[in-house]
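A.B. asks: There's a structure below that I have some questions on.
2 protein chains.
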Amino acid sequence: MTYCCGILVREGLVMIADTRTNAGLDNISTFRKLQLFEQPGRHVMMLAASGNLSVTQGAVNVLVEGLENSETGEVERLEEAKSMVQAAHLVGRAIRRSLELMGDAVKQAGVSFDVALLFGGQIGAAPPRLFMVYTAGNAIECTPDTPYLQIGEHKYGKPILDRAITYETDIYDALKIGLISMDSTIRSNLSVGLPIDIALLRRDALKTEVAARIGANDTYFRDLRERWSAALRAAHIAIPPPPYRDRQ
Amino acid sequence: MTYCCGILVREGLVMIADTRTNAGLDNISTFRKLQLFEQPGRHVMMLAASGNLSVTQGAVNVLVEGLENSETGEVERLEEAKSMVQAAHLVGRAIRRSLELMGDAVKQAGVSFDVALLFGGQIGAAPPRLFMVYTAGNAIECTPDTPYLQIGEHKYGKPILDRAITYETDIYDALKIGLISMDSTIRSNLSVGLPIDIALLRRDALKTEVAARIGANDTYFRDLRERWSAALRAAHIAIPPPPYRDRQ
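So the protein sequences, as listed, match chains A and B. Every position in the first sequence, counted from 1, becomes a number in the numbering used here once 107 is added. Every position in the second sequence, counted from 1, becomes a number in the numbering used here once 107 is added.
What follows is the structure, given as structure tokens:
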């Protein structure tokens, strides 16, 4: 399984992804799911992937090596996209191309080749944008009404995002709340696990401000987990006991 | 959809169930999903249902009207069960019987007839027990290692149970934490909704101590939701900002 979330606030973009993959419960590995495409001063694009790993890795290879546009005959690469909308279209086409390259045999394999990707970033002076791209290549875009998107095991980590994130949230608070959301998911779903990759892009910086990996020994993340647990404990203890008795 | 949870602590049993049903997103109704079978001094049994409503309502009818035991020829009713294990078996058979009574046509209807039930209570001097009964009639039992069971939309409300409930938790704290779990679910899944039904059975009381319905105007539940929201907000604000910058 996987859990990734992307948060788009006024100040910029945060992406968080776990690294646990599993082919059955008895075959668990660590794979990077968050890819950065960065050319400082020109663009920063971030891609987080969930679903069938052969499809998503294949799509990343297509994005790097280039994909022929059947209408123009040109070979298009992610690094050369002129806008985030064009780039998101290219990501969608790369997923389809990755599936094509596998040939027809995969259709008979009886496994799911579904994927979902979060794709965000900024190119030039246009504002940062964040998309979720589906297996069919179609995409939806994040808007200020709900300034985050999730892929993979999204339910455990959704309540804190719903309660705490708005478009006006400080970007480092957004990262912090994203890490709490990841912590809740890791606690409840064994197939989502450390280390986690994080990236933070400040609007108009055109250079990642944070690109880090958080492992089990990370002091800040350990402290965040302990503080969050202690605060939740204190929170429910502080609520008075229910008054219901012999009432119908 | 549905969310129900049962919590079995040393002091007794708590059951919580929402009441929202939907046949498609455009057809939402309120139905009681938590049924009590109580004969003070002899037994208290509680049944919470999720899944296909025609199957679960049919199963309750079978439990009340009685189900012939093909081996003994006797008609067995839930109210006459001699132990919680016997009663849980009867609940499983009632689900199968409810499906049989619908005839073969339902198999062609193309909808899911899956159900899951929480069934708990105490009969006589034996300790309280809590089971989850599946469509096939089989059941698992709650044990002190994980002293709760959930059916329906379980993910949003699971983190708080995982963190806060142990077998030694005070029974009214268990009810309170169950209500927080319900609140998290209601906030994130529109198909789980108020009013909610709650029941509390203290060990060896052989009489429900609480059997109540909580609606939108319930002062305690409104206060709990507000306090919980405020505490979560305070909790994440109190965590220091992440230190990650230009690190790889």
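For every residue, glycine included, the Cβ atom is placed at its ideal position computed from N, Cα and C. Note that the structure is predicted; figures quoted are calculated from it, not measured.
Tell me which same chain residues have a C-beta within less than 7 Å of the C-beta of residue 236 (chain B), skipping the five on either side of it?
C.D. replies: 191, 227, 248, listed in sequence order.
A.B. asks: Is residue 355 (chain A) buried or exposed, if buried means 16 or more other CB atoms sit within 10 Å of its CB?
C.D. replies: Any reading at residue 355 (chain A) needs caution, since the residue's pLDDT is 45, under 50, leaving its predicted position unreliable; the model's value is listed next. So residue 355 (chain A) counts as exposed.
A.B. asks: Would you mind giving the Cβ-Cβ distance between residue 224 (chain A) and residue 156 (chain A), rounded to the nearest angstrom? I have them listed as a contact below 8 Å.
C.D. replies: Confirmed, Cβ separation roughly 5 Å.
A.B. asks: For residue 324 (chain A), which beta-bridge partners are listed by DSSP?
C.D. replies: DSSP, once it has assigned bridges, lists no residue as partnering residue 324 (chain A).
A.B. asks: Could you name the residues of the same chain whose beta carbon sits closer than 6 Å to that of residue 304 (chain A), not counting the 5 residues immediately before and after it, in chain order?
C.D. replies: The answer, listed in chain order, is 124, 141, 320.
A.B. asks: Identify whether residue 136 (chain B) lies in helix, strand or coil by the three-state DSSP scheme.
C.D. replies: Reduced to three states, the DSSP call for residue 136 (chain B) is strand.
A.B. asks: Give a yes or no on whether the minimum CB-CB distance between residue 340 (chain B) and chain A is below 8 Å.
C.D. replies: Yes, residue 340 (chain B) counts as interfacial toward chain A.
A.B. asks: Just checking: is the beta-carbon of residue 265 (chain B) within a distance shorter than 8 Å of some beta-carbon in chain A?
C.D. replies: Answer yes: the Cβ-Cβ gap between residue 265 (chain B) and chain A drops below 8 Å somewhere.
A.B. asks: From the DSSP output, read off the bridge partner residues of residue 255 (chain A).
C.D. replies: DSSP lists A:114 as partners of residue 255 (chain A).
A.B. asks: Can you give me the C-alpha to C-alpha distance between residue 119 (chain B) and residue 307 (chain B), rounded to a whole angstrom?
C.D. replies: Residue 119 (chain B) and residue 307 (chain B): Cα-Cα distance of roughly 8 Å.
A.B. asks: Where does residue 301 (chain A) fall in DSSP's three states?
C.D. replies: Here residue 301 (chain A) sits in coil by DSSP.
A.B. asks: To be precise: take each residue of the region 289-302 of chain A, compare its Cβ to all Cβ atoms of chain B, and keep it if any distance is under 7 Å. Which residues remain?
C.D. replies: Listed in sequence order: 291, 294, 295.
A.B. asks: Identify, in the order they occur along the chain, each residue of the same chain with its Cβ nearer than 7 Å to the Cβ of residue 201 (chain B), setting aside the five sequence neighbours on each side.
C.D. replies: Closer than 7 Å at the Cβ level, and outside the excluded window around residue 201 (chain B), lie 166, 169, 170, 174.
A.B. asks: Shorter than 8 Å from the beta carbon of residue 147 (chain A) to some beta carbon of chain B?
C.D. replies: It does not: the Cβ of residue 147 (chain A) has no partner Cβ on chain B nearer than 8 Å.
A.B. asks: Grab me the residues of residue 264 (chain B)'s own chain with a C-beta within less than 6 Å of its C-beta, minus the 5 sequence neighbours each way, in chain order.
C.D. replies: Around residue 264 (chain B): 288, 291, 292.
A.B. asks: For residue 108 (chain B), which three-state DSSP category applies?
C.D. replies: Looking at residue 108 (chain B) - three-state DSSP - the assignment turns out to be coil, as it is neither helix nor strand.
A.B. asks: Taking 6 Å as the limit between beta carbons, can you name the residues of its chain near residue 137 (chain A), skipping five residues before and five after?
C.D. replies: 126.
A.B. asks: Strictly below 8 Å CB to CB, what residues from chain A border residue 350 (chain B)?
C.D. replies: The answer, in chain order, is 327.
A.B. asks: For residue 274 (chain B), collect the residues of the same chain with a Cβ closer than 7 Å to its Cβ; drop the 5 residues on either side in sequence, then sort them by chain order.
C.D. replies: Excluding residues within five positions, the ones whose Cβ falls inside 7 Å are 116, 117, 251, 254.
A.B. asks: What residue does the alpha helix (DSSP H) around residue 248 (chain A) start on, and which one ends it?
C.D. replies: Careful: residue 248 (chain A) lies outside any alpha helix (DSSP H), inside the beta strand (DSSP E) at 246-248.
A.B. asks: For residue 213 (chain A), I'd like the list of residues in its chain whose CB is within less than 7 Å of its CB, leaving aside the five on either flank, ordered along the chain.
C.D. replies: Once the five neighbours on either side are set aside, the close Cβ partners of residue 213 (chain A) are 220.
A.B. asks: Report the rounded CA-to-CA distance for residue 204 (chain B) versus residue 187 (chain B), giving the unit in angstroms.
C.D. replies: Cα to Cα, residue 204 (chain B) sits roughly 18 Å from residue 187 (chain B).
A.B. asks: Which residues does DSSP pair with residue 229 (chain B) in a beta bridge?
C.D. replies: DSSP output for residue 229 (chain B) lists B:151 as bridge partner(s).
A.B. asks: Output the distance between the C-alpha atoms of residue 233 (chain A) and residue 148 (chain A), rounded to the nearest integer angstrom.
C.D. replies: Using only the alpha carbons, I get a separation of about 13 Å.
A.B. asks: Just curious, the beta strand (DSSP E) that residue 119 (chain B) is in, first and last residue?
C.D. replies: Its beta strand (DSSP E) spans residues 119-125.
A.B. asks: Can you tell which of A:332, A:333, A:343, A:336 has its C-alpha closest to the C-alpha of residue 337 (chain B)?
C.D. replies: Here the closest residue by C-alpha is A:343.
A.B. asks: Going by alpha carbons, who is nearest to residue 311 (chain A) out of A:150, A:258, A:113?
C.D. replies: It is A:150 whose Cα lies nearest to the Cα of residue 311 (chain A).
A.B. asks: Whose CA, out of A:210, A:146, A:163, A:267, lies closest to the CA of residue 231 (chain A)?
C.D. replies: The option with the nearest alpha carbon to residue 231 (chain A) is A:146.
A.B. asks: Whose C-beta lies closer than 7 Å to the C-beta of residue 267 (chain B) among residues of the same chain, with five residues either side of it excluded?
C.D. replies: The residues are 284, 287, 288, 291.
A.B. asks: Could you tell me whether the Cβ of residue 183 (chain A) comes closer than 8 Å to any Cβ of chain B?
C.D. replies: Judged by the 8 Å Cβ criterion, residue 183 (chain A) is not in contact with chain B.
A.B. asks: Would you say residue 373 (chain B) lies against chain A (beta-carbon separation less than 8 Å)?
C.D. replies: Limits of chain B in this structure are 108 at one end and 355 at the other, which puts residue 373 (chain B) out of reach.
A.B. asks: Since I believe residue 315 (chain A) is in contact with residue 143 (chain A) (beta carbons under 8 Å), could you give me their beta-carbon distance rounded to a whole number of angstroms?
C.D. replies: Rounded, the Cβ-Cβ distance is 6 Å, consistent with contact.
A.B. asks: Taking the Cβ atom as the reference point for each residue, do residue 246 (chain B) and residue 199 (chain B) lie within a distance shorter than 8 Å?
C.D. replies: In this structure, residue 199 (chain B) lies closer than 8 Å to residue 246 (chain B) by Cβ.
A.B. asks: With H, G and I counted as helix, E and B as strand and the rest as coil, what does DSSP make of residue 191 (chain A)?
C.D. replies: Note: residue 191 (chain A) maps to helix in three-state DSSP.
A.B. asks: Are any of the Cβ atoms in chain B nearer than 8 Å to that of residue 186 (chain A)?
C.D. replies: Taking Cβ atoms only, chain B never reaches closer than 8 Å to residue 186 (chain A), which makes this a no.
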